[in-house]
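Following: one structure in structure tokens, then a few remarks.
Residue numbers (the working numbering): -5 to 130.
Next comes the structure, spelled out in structure tokens:
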């Protein structure tokens, strides 16, 4: 399974990810500073530790992570964990993630998984592979 092989991961492992997240519209000068920082590519890298990985066959890979965030991330999301969604590749070409927003879709899968819904966005819970790194 390559990078999805849970035996290769531990809590000490880190992912280096580029973040392209929607801002929840901070006010005034703070908003201007955030806009400038993003435009200039500042603070766009964060080092995070994996908490859980959900693999939804044919749809998405969703990594739930936590880490020491650059300061401006305080204004990007209210939840304690970042949800980073990656498109799967098919025959060398990137595929879309349904018609919805990837962040919302990954949020639905994470919520459904935590609450043990039988079917999440058309996918049976039993078809989702989950790797939990919290205890490592």
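Even glycine gets a Cβ: it sits at the ideal position worked out from N, Cα and C.
Taking the C-alpha atoms as reference points, what is the distance between residue 53 and residue 118?
On the chain shown, position 59 is the one that residue 53 refers to. On the chain shown, position 124 is the one that residue 118 refers to. Their Cα atoms are separated by approximately 12 Å.
Can you pull the DSSP bridge partners for residue 123?
Within the chain shown, residue 123 is the residue found at index 129, counting from 1. Paired residues: 49.
Who are the Cβ neighbours of residue 145 in its own chain at under 7 Å, not counting the five residues just before and after it?
This structure cannot settle anything about residue 145, because the visible part of the chain is limited to -5 through 130.
Write down the C-beta distance between residue 49 and residue 122 rounded to the nearest angstrom, noting that I regard them as a contact closer than 8 Å.
Here residue 49 is taken as the residue at index 55 of the chain shown, counted from 1. Here residue 122 is taken as the residue at index 128 of the chain shown, counted from 1. So it is a contact: roughly 7 Å between Cβ atoms.
Pull up the CB-CB distance for residue 114 and residue 101, whole angstroms please, since I reckon it's below 8 Å.
Here the question's residue 114 lines up with position 120 in the chain shown. Here the question's residue 101 lines up with position 107 in the chain shown. Residue 114 to residue 101, Cβ: 11 Å. No contact.
Can you grab the Cα-Cα spacing for the pair residue 30 / residue 98, in whole Å?
The sequence position of residue 30 within the chain shown is 36, counting from 1. The sequence position of residue 98 within the chain shown is 104, counting from 1. Going by the C-alpha atoms only, they are around 26 Å apart.
For residue 91 and residue 103, what's the separation of their Cα atoms in angstroms?
Taking the first residue of the chain shown as position 1, residue 91 is located at position 97. Taking the first residue of the chain shown as position 1, residue 103 is located at position 109. Residue confidence is low: residue 91 scores 37 on pLDDT, short of 50, so the model does not pin down where it sits. Its coordinate-derived value is still stated next. Between residue 91 and residue 103, the C-alpha separation is close to 13 Å.
DSSP beta-bridge partners for residue 99?
Counted from its first residue, the chain shown places residue 99 at position 105. None, per the DSSP bridge assignment.
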